[in-house]
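First to last, the sequence lines map onto chains D and Z.
The numbering of the first sequence is my numbering, which starts it at 905 and goes up by one.
The numbering of the second sequence is my numbering, which starts it at 177 and goes up by one.
Working notes, beginning with the structure itself.
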Amino acid sequence: METAARQIVAFGGGGFSMESGNPLLDDYVLGLTGASRPRVCFLPSASGDADHYIVRFYRAFPAGRCEASHISLFRREQGPADLRAHLLSQDLIYVGGGSVLSLLGVWGAHGIDEILREAWEAGVILCGLSAGSLCWFAEAVTGFHGAPRRVEGLGLLPFSNCVHYEAGSSRRRAYADFLRDGMRPGYAAEDGAALHFVGEELSRIVASRPNARGYRLDLVGDRVVEMRIATTWLGDPASTPVVPLPEAMSTAVAA
Amino acid sequence: MTISRILALGGHDFTSRPPDRAVCELLLKLATERAGARPRICLLPTASGDTSEQIARFYSAFGERPCEPSDLSLFRLGRRPMALRDHLIEQDLIYVGGGSLLNLLAVWEAHDIGAMLGIAWRQGVVLAGQSAGAMCWFEAGITKSSGKPLSAPGMGLLGGSLCVHYNNEPERRAAYLDAVAGGMPGGYGLDDYAGLLWEGTGAPSAVTARRGARAYRVTSGQEGVTEAPLPARFLPAPAPATLREDIVEFRRLSQMRKRAGWLG
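Spelled out as structure tokens, the structure:
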């Protein structure tokens, strides 16, 4: 029996939240669904379900392109009554930025964490930026306020994650320190770069800007090794817009 | 000696209508009693998701009163970092706004706010709030955080349970009576504009800012669940706030500047 691939696209930063006028990452995740009019649900929980953010989502995902909806966990009396049925019926679930600590707290209170795992296993594509990237990993570096700190995410991906991984940022230094203190190895992405996982494996890194990069970080002895991973700029006319799934990749290698 | 105080309100808003003004006057009085003068009053709008609307209404109520209002918005810390614990402990009154009780407690748990509030309370900082911001202090409440009214646990600083909007939301009241009959600890029902004030360890005293708004003691016994209205002290509304002369003058000058196109 054929089962849909489990896919997560974790943006270091970007998409409609951060890159007004540059829809490359949002187009990429919509394209992954393979649907002509994909069902997309926005989860703005990390922002406290901020109205202006929800409005921006609907502007970026208009009815002509997709069937957009959102779930506001602060206003459950509106919106779908059966969260599980609604989320499982989507092609794409898009998680907004904000406070990852608050996000995980609110999700736990409404049982969203379990539903998202189920959706992922059923082939619903999960994506998000910033807090909406960190949440999918076993461990993450949050720098939402104050000094960067470690936080445990949902653990769908058995790695650590750091977003907004810009040169000279405090997150970058903190991530290296955490790795030396025993945080599991993982992936970092700069603004505009997105880590695309198929199953639990990194499939490729795509970017909405020519110079946005993604990295793999490991601890070797007591030294943190940062390896830059080749990135596909989605604005390049030569880039392949469609994801190579593992089957396709192995075929390509064999050939 | 430090007295721990909590003011639980069944429901109100921060408008300029008389009952809302009466509630604000009580909040200001409790805060001033602790501070001596010019108290610090902090809004926790967590249950609403830190909506601009709730924050703006709070400032419109306290901005021009003799106090130092602030807000601690956990979803907005990214743009405005704050030392959470230090800020909460140095308040005279912490006011918790309404919204989702489930989300309120979950977000507080994620940021360890509950423990900080417990410390503040024991140090004499007055804790207050309406709706979800009132039920959170009890062992349990009836919340519509998931749509339908359901019982949910609170922080448990106060024993027993609380149900808010008692007169306005019959389905919430019915769910409360069912829950108490089914074994949830008894407690209190509060109409909009009714409140209960705990000072120290004794029984609470009831207050009301609107004629007819009541506080009820809800208990489960041999004859089932009973609701007994409590005698309440009426809170008169103060005269509408008149602007201080210097503020009026400042506004007049600002307007002139704008009209004349002056800078600064």
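Note that the Cβ used here is the ideal one computed from N, Cα and C, for glycine as well.
Do residue i and residue j have their C-beta atoms closer together than 8 Å?
i, j, result
"ALA370 (chain Z)", "THR384 (chain Z)", "yes"
"VAL1010 (chain D)", "ALA282 (chain Z)", "yes"
"SER1006 (chain D)", "PHE234 (chain Z)", "no"
"SER976 (chain D)", "ASP995 (chain D)", "no"
"GLY330 (chain Z)", "GLY317 (chain Z)", "yes"
"PRO221 (chain Z)", "SER249 (chain Z)", "yes"
"ALA207 (chain Z)", "LEU269 (chain Z)", "yes"
"VAL302 (chain Z)", "LEU219 (chain Z)", "no"
"LEU1083 (chain D)", "VAL1128 (chain D)", "yes"
"LEU366 (chain Z)", "LEU185 (chain Z)", "yes"
"ALA286 (chain Z)", "LEU987 (chain D)", "no"
"HIS1057 (chain D)", "LEU1038 (chain D)", "One detail in the question is off: residue 1057 (chain D) reads as Gly in this sequence, not His. Their beta carbons are under 8 Å apart, which means GLY1057 (chain D) touches LEU1038 (chain D) by this criterion."
"GLU315 (chain Z)", "GLY290 (chain Z)", "no"
"ILE1029 (chain D)", "VAL913 (chain D)", "yes"
"LEU1138 (chain D)", "TYR957 (chain D)", "no"
"ILE217 (chain Z)", "TYR271 (chain Z)", "yes"
"ALA967 (chain D)", "GLY1002 (chain D)", "no"
Using a C-beta to C-beta distance shorter than 8 Å, which residues of chain D count as neighbours of residue i?
i, result
"GLU315 (chain Z)", "Those within 8 Å of GLU315 (chain Z) in chain D number zero; the least Cβ separation is about 17 Å."
"GLY254 (chain Z)", "GLY1002, SER1003, PHE1048 and HIS1049"
In this structure, does DSSP put residue i in helix, strand or coil?
i, result
"CYS200 (chain Z)", "helix"
"PHE234 (chain Z)", "helix"
"PHE377 (chain Z)", "Note that residue 377 (chain Z) is Thr in the sequence shown, not Phe. Of the three classes helix, strand and coil, the one that applies to THR377 (chain Z) here is coil, per DSSP."
"LEU1033 (chain D)", "strand"
"LEU429 (chain Z)", "helix"
"LEU326 (chain Z)", "strand"
"ILE179 (chain Z)", "coil"
"TRP313 (chain Z)", "coil"
"TYR352 (chain Z)", "helix"
"PRO405 (chain Z)", "strand"
"PHE920 (chain D)", "coil"
"ALA184 (chain Z)", "strand"
"GLU1130 (chain D)", "strand"
"MET1153 (chain D)", "Model confidence at MET1153 (chain D) stands at a pLDDT of 39, short of 50, so the residue's coordinates are unreliable and nothing is read from them."
"ASP367 (chain Z)", "coil"
"ARG298 (chain Z)", "helix"
"THR1135 (chain D)", "strand"
"GLY290 (chain Z)", "helix"
"GLY440 (chain Z)", "Because the pLDDT at GLY440 (chain Z) is just 40, under 50, the model does not fix this residue reliably, and the value given afterwards should be weighed accordingly. Coil."
"TYR342 (chain Z)", "coil"
"PHE251 (chain Z)", "helix"
"VAL944 (chain D)", "strand"
"LEU928 (chain D)", "helix"
"VAL272 (chain Z)", "strand"
"PRO194 (chain Z)", "helix"
"ASP1140 (chain D)", "coil"
"GLY397 (chain Z)", "strand"
"THR907 (chain D)", "coil"
"LEU333 (chain Z)", "coil"
"THR227 (chain Z)", "coil"
"ALA259 (chain Z)", "coil"
"LEU934 (chain D)", "helix"
"VAL1028 (chain D)", "coil"
Quick one: list the residues of chain Z neighbouring residue i, beta-carbon separation under 7 Å, in chain order.
i, result
"GLY1050 (chain D)", "PRO257"
"GLY1160 (chain D)", "In the structure displayed, chain D extends from 905 to 1159; residue 1160 (chain D) sits before or after that span and is not available."
"LEU947 (chain D)", "Correct list: empty, because the minimum Cβ distance to chain Z is about 13 Å."
Just the chain Z side, please: which residues come within less than 8 Å of residue i by C-beta, in chain order?
i, result
"ARG980 (chain D)", "SER276, LYS320, SER321, SER322 and GLY323"
"ALA939 (chain D)", "Neighbours of ALA939 (chain D) on chain Z: none; closest Cβ ~29 Å, over 8 Å."
"ALA985 (chain D)", "GLY323"
Identify the contact partners of residue i in chain D, using a Cβ-Cβ distance below 9 Å as the criterion.
i, result
"HIS287 (chain Z)", "SER1003, LEU1005, SER1006 and GLY1009"
"ALA282 (chain Z)", "SER1006, LEU1008, GLY1009, VAL1010, TRP1011, GLY1012, ALA1013 and HIS1014"
Identify the contact partners of residue i in chain D, using a Cβ-Cβ distance below 7 Å as the criterion.
i, result
"ASN156 (chain Z)", "Here chain Z covers residues 177 to 440 and nothing more, so residue 156 (chain Z) does not appear."
Could you check if residue i belongs to the surroundings of the ligand NAD, using beta carbon to heavy atom distance under 7 Å?
i, result
"GLU244 (chain Z)", "For the structure depicted, the ligand NAD is absent and the ligand set is empty, with no information on it obtainable."
Quick one: which unbroken beta strand (DSSP E) runs of 3-plus residues sit fully inside the segment 1037 to 1117 of chain D? Chain order, please. 1041 to 1046, 1053 to 1056, 1061 to 1066, 1090 to 1093, 1097 to 1102 and 1105 to 1111
Identify every run of the alpha helix (DSSP H) within the segment 961 to 1021 of chain D, keeping only runs that are complete inside it and at least 4 residues long; order them along the chain. 987 to 992 and 1004 to 1014
Residues, ordered as in the chain, of the segment 1006 to 1035 of chain D that lie near chain Z by beta-carbon distance below 8 Å: SER1006, LEU1008, GLY1009, VAL1010, GLY1012, ALA1013 and HIS1014
Residues of the segment 400 to 415 of chain Z whose Cβ lies closer than 7 Å to any Cβ of chain D, in chain order: none
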